[in-house]
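Engineer: Provided herewith is a single structure, encoded as structure tokens, for subsequent inquiry.
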Amino acid sequence: MRRVLLSALVLVAAVVGSLGVGLGAGVAGAQETCSFPVTKTDATGTNVTIEEEPSRIVTLSPSAAQTMWKIGGKEKVVGVSKYSAYLDGASAKANVSGSGMTAAVPEKVVAQEPDLVLAPNVISDETVKKLRDAGLTVYKFRESKSIDDIYAKTELTGRLTGECDGAQRTVSWMKDRIETVHQAVEGEDSPKVMYVMSGGYTAGSGTFMDTIITQAGGTNVAAEAGIKSYQPISSEVVVEQQPDWFILSAGSKIPDDYGETPAAKENRTVSLNPNYVSQPAPQIVTPITKLAKTLHPEAYAQANVTTTTETTNTDTSGTDSKTTTTTAATTTESNGQPGLGVPVAVAAVALVGLLARRD
19 MRRVLLSALV
29 LVAAVVGSLG
39 VGLGAGVAGA
49 QETCSFPVTK
59 TDATGTNVTI
69 EEEPSRIVTL
79 SPSAAQTMWK
89 IGGKEKVVGV
99 SKYSAYLDGA
109 SAKANVSGSG
119 MTAAVPEKVV
129 AQEPDLVLAP
139 NVISDETVKK
149 LRDAGLTVYK
159 FRESKSIDDI
169 YAKTELTGRL
179 TGECDGAQRT
189 VSWMKDRIET
199 VHQAVEGEDS
209 PKVMYVMSGG
219 YTAGSGTFMD
229 TIITQAGGTN
239 VAAEAGIKSY
249 QPISSEVVVE
259 QQPDWFILSA
269 GSKIPDDYGE
279 TPAAKENRTV
289 SLNPNYVSQP
299 APQIVTPITK
309 LAKTLHPEAY
319 AQANVTTTTE
329 TTNTDTSGTD
339 SKTTTTTAAT
349 TTESNGQPGL
359 GVPVAVAAVA
369 LVGLLARRD
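Taking the working numbering, the leading residue of the sequence shown gets 19, the next gets one more, and so forth.
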């Protein structure tokens, strides 16, 4: 079986093509205690000290919120960005976002009187400074470029928030699922896959989608065609690449111009949760797992049986309640959570690209 290694990561974003930068200083080690005070150096180069375990936390990115939900720290979160609306219970939290694509309004954040603010790498240093000048403790994360970075970021989040045990369980759950996928796809053929977006756009190298495709044992035809990040791709190039599978947004259809491809002729499509594919957070393993099941069903089933026999996963926080329905060769995902929907313009494509880089 073939083990696929990341060359860079998103949803990732975490992104194939640029592995060299990790989270560096501030990663919680497995042997580190979860006591306070704790000091970690963030992306601004600031030594951030948290004197006591925080009980009021504001997350300025959906990935930080998703991580808090997953590691068991949901009740500590008092404020979230509007991009976190898909999370169960997020509507009960204060929305600290502004209009348009403004992820955080300092005045709204300050009003929540948080003990700790978790900021993604896309939040400007100027905004971070404003929050600190207002007396808040702010930790700005570095950009996650690989799944290993997401593991480390999850552990770091647990350390900063006093949820170390939940973070360790979550990372173990993630690693178990990724290991099962690796066992399944190693040595298997690598089907050609393309992510179809509106306006003729697709996801090339340096995107979370590229990582998801390669981790799941597929070949991203956009990356093979030399496309980087989110860029347009001509129908001629698509037909030339002859993709075996299309990843579509829920409710969208294969473009007519792609008709002369194996994926179109056999109606082989798969839909992945857009919130999971675009965010560097624990649920990134869910679309990877689903795509691996779709591309390599027999190999995945065998690997899953083997992994389940060898190890018993006792982490109930990592259970996946989604259901999958299959019609012909089309696979769709239903998890009871609102997604981003089908992009209707290039502006929406740009938003997806931005979210793929939200840390």
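By construction, the Cβ of each residue, glycine as well, lies at the ideal position given by its N, Cα and C atoms.
1. Rank Val156, Pro55, Phe54 and Asp207 by C-alpha distance to the C-alpha of Ile75 and give the top, closest one.
2. Lys246 by DSSP, collapsed to three states: which one?
3. What does the alpha-carbon distance come out to for the pair Val256 and Asn139?
4. Straight-line CA distance for Tyr248 to Thr175?
5. Determine the DSSP secondary structure at Gly217, reduced to helix, strand or coil.
6. Does the structure place the stretch 212-221 close enough to the stretch 229-248 that three or more beta carbon pairs sit under 8 Å?
7. What's the C-alpha gap between Asn293 and Thr225?
8. According to DSSP, is Lys147 helix, strand or coil?
9. Where are the beta strand (DSSP E) runs, 3 residues long or more, that stay fully inside the stretch 125-186, in chain order?
10. Would you mind listing the beta strand (DSSP E) stretches within the stretch 280-334 that are 3+ residues and don't spill past its ends, in chain order?
11. Using CA coordinates, which residue listed in Ser208, Glu206 and Ile68 is at the minimum distance from Val135?
12. Classify Ser164: buried if its beta carbon has 16 or more other beta carbons within 10 angstroms, exposed otherwise.
13. With a threshold of 16 other CB atoms inside 10 Å of the CB of Glu278, please say whether the residue is buried or exposed.
14. Which term fits Pro261, buried or exposed, when burial requires 16 or more other beta carbons within 10 angstroms of its beta carbon?
15. Please go through the stretch 256-280 and give each complete beta strand (DSSP E) segment of 3 or more residues, from N-terminal end onward.
16. Please list the terminal residues of the continuous beta strand (DSSP E) segment that includes Ile68.
17. Can you tell which of Arg160, Ser190, Tyr169 and Lys311 has its C-alpha closest to the C-alpha of Ile231?
18. Is the distance from the Cβ of Met192 to the Cβ of Val303 below 7 Å?
19. Of the residues Ile272, Ala240 and Leu149, which one's Cα is nearest the Cα of Glu125?
20. Excluding five sequence neighbours on each side, which residues of the same chain lie with their C-beta closer than 8 Å to the C-beta of Ser99?
21. Taking the DSSP output, what are the residues bridged to Met212?
22. Rounded to whole angstroms, how far is the Cβ of Met227 from the Cβ of Val295, which I believe are closer than 8 Å?
23. From what residue to what residue does the beta strand (DSSP E) around Ile75 run?
24. Mark Lys283 as exposed unless 16 or more other C-beta atoms lie within 10 angstroms of its C-beta, in which case mark it buried.
25. Could you please give me the residues that DSSP links to Val98 through a beta bridge?
26. Exposed or buried, which one is Gly97 when buried takes at least 16 other CB atoms within 10 Å?
27. Given that a residue counts as buried once 16 or more other Cβ atoms are within 10 Å of its Cβ, and exposed if not, what is Pro132?
28. May I ask which residues mark the beginning and end of the alpha helix (DSSP H) holding Lys88?
29. Inspect the beta-carbon positions of Ile306 and Glu181 and report whether they are closer than 7 Å.
30. Quick check: the Cα distance between Ala241 and Ser142, rounded to an integer number of angstroms?
31. Compare the beta carbon distance of Val128 and Ala137 with 7 Å and say whether it is the shorter of the two.
32. Rounded to whole angstroms, what is the Cα-Cα separation between Thr64 and Glu70?
33. How long is the line joining the alpha carbons of Gln201 and Ala319, rounded to whole angstroms?
34. Helix, strand or coil, according to DSSP, for Val123 in the structure here?
35. What residue from Thr229, Arg286 and Gln297 has the CA that sits closest to Leu313's CA?
36. Could you check the C-alpha separation between Lys308 and Ile265 for me, to the nearest Å?
Structural biologist: Concretely, from the data shown:
1. Here residue 75 corresponds to residue number 57 of the sequence shown, with the count starting at 1. Nearest C-alpha to Ile75: Val156.
2. Here residue 246 corresponds to residue number 228 of the sequence shown, with the count starting at 1. Here Lys246 sits in strand by DSSP.
3. Locating residue 256 in the sequence shown gives position 238, counting from the first residue. Locating residue 139 in the sequence shown gives position 121, counting from the first residue. Computed Cα separation, rounded: 33 Å.
4. Along the sequence shown, one-based indexing puts residue 248 at 230. Along the sequence shown, one-based indexing puts residue 175 at 157. Taking the straight line joining both Cα atoms gives about 29 Å.
5. Taking the sequence shown and counting its residues from 1, one reaches residue 217 at position 199. Residue state, collapsed to three classes: helix.
6. yes
7. Here the question's residue 293 lines up with position 275 in the sequence shown. Here the question's residue 225 lines up with position 207 in the sequence shown. C-alpha separation (whole angstroms): 14 Å.
8. Taking the first residue of the sequence shown as position 1, residue 147 is located at position 129. Lys147: helix per DSSP, three-state reduction.
9. 134-137 and 156-158
10. 287-289
11. Walking along the sequence shown from the start, residue 135 turns up at place 117. Taking only the C-alpha atoms, the option nearest Val135 is Ile68.
12. By one-based count along the sequence shown, residue 164 stands at place 146. Flag for Ser164 reads buried.
13. In the sequence shown, counting from the first residue as 1, residue 278 sits at position 260. So Glu278 ends up on the exposed side.
14. Residue mapping note: residue 261 aligns to position 243 of the sequence shown, counting from 1. By the neighbour-count rule (16 or more Cβ atoms within 10 Å), Pro261 is buried.
15. 263-266
16. Here residue 68 refers to the residue found at position 50 when the sequence shown is read from its first residue. It spans Asn65 to Ile68 - the beta strand (DSSP E) in which Ile68 sits, taken as one unbroken run.
17. In the sequence shown, residue 231 corresponds to position 213, counting from 1. When only C-alpha atoms are compared, the closest one is Lys311.
18. As a first step, residue 192 must be located in the sequence shown, where it is residue number 174. As a first step, residue 303 must be located in the sequence shown, where it is residue number 285. A contact, by the Cβ cut-off of 7 Å.
19. Here the question's residue 125 lines up with position 107 in the sequence shown. Among Ile272, Ala240 and Leu149, the Cα nearest to that of Glu125 belongs to Leu149.
20. Your numbering for residue 99 matches position 81 in the sequence shown. Thr77, Leu78, Ser79, Pro80, Ala83, Asn113, Val114, Ser115, Ala121 and Ala122, listed in sequence order.
21. Mapped onto the sequence shown, residue 212 falls at position 194. Answer is Phe264, bridged to Met212.
22. Translated into positions along the sequence shown, residue 227 becomes position 209. Translated into positions along the sequence shown, residue 295 becomes position 277. Confirmed, Cβ separation roughly 6 Å.
23. In the sequence shown, residue 75 corresponds to position 57, counting from 1. Residues Ile75 to Thr77.
24. In the sequence shown, the residue the question calls residue 283 occupies position 265. Exposed: under 16 other Cβ atoms inside 10 Å.
25. Residue numbering aside, residue 98 sits at position 80 when the sequence shown is read from its first letter. Looking at the DSSP assignment, Val98 forms a beta bridge with Asn113.
26. Taking the sequence shown and counting its residues from 1, one reaches residue 97 at position 79. So Gly97 counts as buried.
27. Indexing the sequence shown from 1 puts residue 132 at position 114. When all chains shown are included, Pro132 counts as buried.
28. Here residue 88 refers to the residue found at position 70 of the sequence shown. Start and end: Pro80 to Ile89.
29. Your numbering for residue 306 matches position 288 in the sequence shown. Your numbering for residue 181 matches position 163 in the sequence shown. No, they are not a contact pair.
30. On the sequence shown, residue 241 is found 223 positions in, with the first residue counted as 1. On the sequence shown, residue 142 is found 124 positions in, with the first residue counted as 1. Cα to Cα, the separation comes out at about 30 Å.
31. As a first step, residue 128 is located in the sequence shown; it is residue number 110 there, counting from the start. As a first step, residue 137 is located in the sequence shown; it is residue number 119 there, counting from the start. Not a contact, by the Cβ cut-off of 7 Å.
32. Within the sequence shown, residue 64 is the residue found at index 46, counting from 1. Within the sequence shown, residue 70 is the residue found at index 52, counting from 1. The alpha-carbon atoms of Thr64 and Glu70 are separated by roughly 18 Å.
33. On the sequence shown, residue 201 is found 183 positions in, with the first residue counted as 1. On the sequence shown, residue 319 is found 301 positions in, with the first residue counted as 1. Taking the straight line joining both Cα atoms gives about 10 Å.
34. Counting from one through the sequence shown, the residue named residue 123 turns up at place 105. Of the three classes helix, strand and coil, the one that applies to Val123 here is coil, per DSSP.
35. Mapped onto the sequence shown, residue 313 falls at position 295. Ranking Thr229, Arg286 and Gln297 by Cα distance to Leu313 puts Arg286 first.
36. Against the sequence shown, residue 308 aligns to sequence position 290. Against the sequence shown, residue 265 aligns to sequence position 247. Approximately 12 Å, taken between the alpha carbons.
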